[in-house]
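**Student:**
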Amino acid sequence: MTVDRRPQTLRQAQDNVAVSRPSSAVIELTDLTGIATLQDSGRRGWNKFGVPTSGAMDWFAYQAANSLLNNPPNSAVIELGLGEITLHALRNTVLAITGAGYEVENYIWTFPLWTTFYVRAGWTVRIKKTSGGNWAYIAIAGGFDSPVIMNSRSAYLRGGIGSALKAGDVLHSFTPTKELLKLAARDFDAVPRDLSRACDPQDKSCGTNLMPYSQTPTIEVIPAPQADWFTPEGIRIFYESEYTLSPSFDRMGYRLASLLSPSPAKVITKKITKELISEGMTMGSIQVPADGQPIVMMADAPTAGGYPKIANVARASLPLLAQCEAGVSKIRFREVAVEEAQEKYKLLCRAGL
Amino acid sequence: MLKPLGDSAILVQLGDAIDPALNARVHALDAILQSIPAVIETVPAYCTILVHYDPLATTYNQIKNLIEEKISQLDESTHRPSRRLEIPVLYGSVSGPDASTRLSTSLDLVASTLALSPSELIRLHSEREYTVYMMGFTPGFPYMGILDERLTLPRLSTPRTRVPAGSVAIAGSQTGIYPVDSPGGWHIIGHTPLKLFDPMSENPFLFAPGNTVKFVPMESL
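One line per chain: the protein sequences are A and B, in this order.
With the numbering used here, the residue at position 98 of the first sequence is 98, and numbering never jumps.
With the numbering used here, the residue at position 191 of the second sequence is 191, and numbering never jumps.
#1: What residues from chain B crowd round G45 (chain A), counting only those whose CB sits closer than 9 Å?
#2: List the endpoints of the continuous alpha helix (DSSP H) containing L321 (chain A).
#3: I want to see whether chain A comes within less than 7 Å of Y60 (chain B), judged by CB atoms only; does it?
#4: How long is the line joining the alpha carbons of P217 (chain A) and Y243 (chain A), rounded to whole angstroms?
#5: Consider the Cβ of D19 (chain B): report whether some Cβ of chain A lies at a distance smaller than 7 Å.
#6: Listing by chain order, which chain B residues have their CB less than 8 Å from the CB of R315 (chain A)?
#7: Does the region 115-131 of chain A come into contact with the region 149-159 of chain A, if we say contact requires no fewer than three beta-carbon pairs (one atom in each stretch) closer than 8 Å?
#8: Please tell me whether P204 (chain B) has its Cβ less than 7 Å away from any Cβ of chain A.
#9: Evaluate contact between the region 27-37 of chain A and the region 179-189 of chain A, counting only Cβ atoms and requiring at least three cross-stretch pairs below 8 Å.
#10: Give me the Cα-Cα distance between F174 (chain A) and I189 (chain B), rounded to the nearest whole angstrom.
#11: With a cut-off of 8 Å on the beta carbons, I'd call L180 (chain A) and N106 (chain A) a contact; round off their distance for me.
#12: Under 7 Å, Cβ to Cβ, is there at least one residue of chain B near Q342 (chain A)?
#13: So A304 (chain A) and M134 (chain B) are in contact, right, with Cβ under 8 Å, and what is the actual spacing, rounded?
#14: Quick check: does the Cβ of L116 (chain B) come within less than 6 Å of any heavy atom belonging to the ligand NAD?
#15: Along chain A, in chain order, which residues have C-beta atoms closer than 7 Å to that of M135 (chain B)?
#16: Per DSSP, which residues does E79 (chain A) bridge with? Please list them.
#17: Any Cβ of chain A within less than 7 Å of the Cβ of Y46 (chain B)?
#18: Determine the closest residue to P112 (chain A) out of A:T98, A:A322 and A:T30, with distance taken between C-alpha atoms.
#19: Might you give, ordered along the chain, the residues of its own chain that have their beta carbon closer than 6 Å to the beta carbon of I18 (chain B), omitting 5 neighbours on each side?
#20: Sorted by chain position, which residues of the same chain lie with C-beta nearer than 6 Å to Q12 (chain A)'s C-beta, five sequence neighbours on each side aside?
#21: Determine which residues share a DSSP beta bridge with K178 (chain A) and list them.
#22: Contact check, E279 (chain A) vs L196 (chain B) under 8 Å by CB: the rounded distance?
#23: Let's test the definition: count the other Cβ atoms within 10 Å of the Cβ of A136 (chain A) and tell me whether it reaches 16, buried, or not, exposed.
#24: Hey, out of B:P204, B:D7 and B:A38, whose CA is closest to P179 (chain B)'s CA?
#25: My output table needs one value for R334 (chain A): the three-state DSSP class, helix, strand or coil.
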């Protein structure tokens, strides 16, 4: 069976979820710290009822992990945040692990991220936290099976949808789309993106070059509907300050702190001070509450909010922001036009995955 | 007024107020936006609609033009009949067999703050029909209005850490029902035995934005 991996609309991808296919037990989680959940491309269609989209915090790493294994595009993967997982294979399989800030150990070998590797029944694989990121994506040949709730396998823990993975859990996967040996030892930086050429790791339009993970990223943003509520000085501070991620961050939101605070000069000031009537928002929306320090809404963010939004992170930059570490990262924002952001996102989807 | 919210959503603003007529226009437009193929989903709110679209299937300018076309087709004289729900409410506190099943409310306190008798408060709250302006806060929470102005109260200065599912509450000019146990800053005046959110059901939500709601006082649970 081959899978059509042409770019799909999100609606088409969503339709793949509910198809019932045979699955069987494949791995047992023997040890786990941090926060690990199953995530797919998100729960769409329920925002108007107040259900967040959820899905992977880093969509690029998520899609790459599935792409490396030729999985259907909406397949569920394990998202591991700020912790470690040890897993025990119950049958032969192939894993792909992507993301930033982790390394993979299989007894004496260490595997780089963004590759696939064959795992025999009985083997133990350990995903260890290092530095340089927050989230790892562990995809399995065929994709993980789990109950589909409201059209998605993504856990939304605050809403009681799905559950946090824990030691002792046995996970099931669907039948791989290709023989395991054909899926093993693939490297994201060397996968041919189209039939006419092989990928050269030096090529900027290839592999992980497309997503330059860094702890000093420039995050591209599009001005938001309330951008004109802020003073010119407030806007200037937003685009000229260096921010880092506050320690209290989660899948719901990233609170940013100006690296020069607490100086009143580094607070984003408003010229319109009335209350905003609650309106919808998205992953990447940057709200500025009364304290003048921005909060970026992430995957589990509420569907609507009442703080004015200064800007919205472009999809192409969301993975970079998602992998910024608390206290370590130095984040800057750069304004781009919506058309430019969309072109860049399309390129990433077509060239990278 | 249409403005981008990032590269995959567009905010449609029809006004700038919490107003039943404006909100009715929001829901009328929301219904006809669903036929645009690149639209993934919409979030109708008080006076805005956030349209989430697929940037791989369209561009900002294309979707903006399509939405503007729909706005021009919006005929204010034709109001769609909205779905009407009657919600049974036991106003006041519920005494269960033990302390853990007792659901307390602040009905008496709220009534005295408003200089009303509890029965007047119940009458004022239950005699009107409300519109579900929008949903959010927690999955399935309906923001409804508009309350009789004699029931207007600011929200609690310190939110409660746990409000049980089914609690019927008021704040400002609005009323709502907590669908799941959650923190909450509204004044609880009663409880409904109906389930507002069931993720495993084919229809997980009792309400939808735009519904008409009437509360019906119950004698006992």
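Beta carbons are placed, not taken as given, at the ideal position from N, Cα and C, and that holds for glycine.
**Tutor:** Based on what the coordinates show:
#1: Taking the first sequence and counting its residues from 1, the one referred to as residue 45 (chain A) is at position 45. The answer, in chain order, is I40 and E41.
#2: To locate residue 321 (chain A), count along the first sequence from 1; it is residue 321. For L321 (chain A), the enclosing alpha helix (DSSP H) stretches over residues L318 to A322.
#3: Counting from 1 along the second sequence, the entry for residue 60 (chain B) is found at position 60. True, the Cβ-Cβ gap to chain A drops below 7 Å.
#4: On the first sequence, position 217 is the one that residue 217 (chain A) refers to. On the first sequence, position 243 is the one that residue 243 (chain A) refers to. Roughly 10 Å separates the two Cα atoms.
#5: Taking the first residue of the second sequence as position 1, residue 19 (chain B) is located at position 19. Chain A, which has no Cβ nearer than 7 Å to the Cβ of D19 (chain B), makes this no.
#6: For the purposes of this step, residue 315 (chain A) is identified with residue 315 of the first sequence, where counting begins at 1. Those within 8 Å of R315 (chain A) in chain B are G6, D7, S8 and P55.
#7: Output reads no: the region 149-159 of chain A does not touch the region 115-131 of chain A.
#8: Along the second sequence, one-based indexing puts residue 204 (chain B) at 204. Yes, because at least one Cβ of chain A sits closer than 7 Å to the Cβ of P204 (chain B).
#9: No, because fewer than three Cβ pairs between the region 27-37 of chain A and the region 179-189 of chain A fall closer than 8 Å, the two stretches do not touch.
#10: What you label residue 174 (chain A) is simply residue 174 of the first sequence in a count that begins at 1. What you label residue 189 (chain B) is simply residue 189 of the second sequence in a count that begins at 1. The alpha-carbon atoms of F174 (chain A) and I189 (chain B) are separated by roughly 50 Å.
#11: Along the first sequence, one-based indexing puts residue 180 (chain A) at 180. Along the first sequence, one-based indexing puts residue 106 (chain A) at 106. Incorrect: roughly 15 Å between the Cβ atoms, too far for contact.
#12: The sequence position of residue 342 (chain A) within the first sequence is 342, counting from 1. It does: the Cβ of Q342 (chain A) has a partner Cβ on chain B nearer than 7 Å.
#13: Along the first sequence, read from residue 1 onward, the residue named residue 304 (chain A) stands at position 304. Along the second sequence, read from residue 1 onward, the residue named residue 134 (chain B) stands at position 134. Confirmed, Cβ separation roughly 7 Å.
#14: Absence of the ligand NAD is noted for the structure shown, with no ligands found whatsoever.
#15: Reading the second sequence from its first residue, position 135 is the one you call residue 135 (chain B). K48, F49 and G50, listed in chain order.
#16: In the first sequence, residue 79 (chain A) corresponds to position 79, counting from 1. DSSP lists A:T37 and A:Y137 as partners of E79 (chain A).
#17: On the second sequence, residue 46 (chain B) is found 46 positions in, with the first residue counted as 1. Closer than 7 Å: yes.
#18: Here residue 112 (chain A) refers to the residue found at position 112 when the first sequence is read from its first residue. Comparing Cα-Cα distances from P112 (chain A) to each of A:T98, A:A322 and A:T30, the minimum goes to A:T98.
#19: In the second sequence, counting from the first residue as 1, residue 18 (chain B) sits at position 18. Within the same chain, I18 (chain B) has close Cβ partners Y46.
#20: For the purposes of this step, residue 12 (chain A) is taken as the residue at position 12 of the first sequence. Reliability of the predicted coordinates at Q12 (chain A) is poor, the pLDDT of 48 falling under 50, and no value is obtained from them.
#21: Looking up residue 178 (chain A) in the first sequence gives position 178. Answer by DSSP bridge pairing: none, since K178 (chain A) is not bridged.
#22: In the first sequence, counting from the first residue as 1, residue 279 (chain A) sits at position 279. In the second sequence, counting from the first residue as 1, residue 196 (chain B) sits at position 196. That belief does not hold up - the Cβ atoms of E279 (chain A) and L196 (chain B) are roughly 22 Å apart, past 8 Å.
#23: Along the first sequence, read from residue 1 onward, the residue named residue 136 (chain A) stands at position 136. Result: buried.
#24: Your numbering for residue 179 (chain B) matches position 179 in the second sequence. Checking every option, the nearest Cα to that of P179 (chain B) belongs to B:P204.
#25: As a position in the first sequence, residue 334 (chain A) is number 334, starting the count at 1. The answer is strand: DSSP assigns R334 (chain A) an E or B state.
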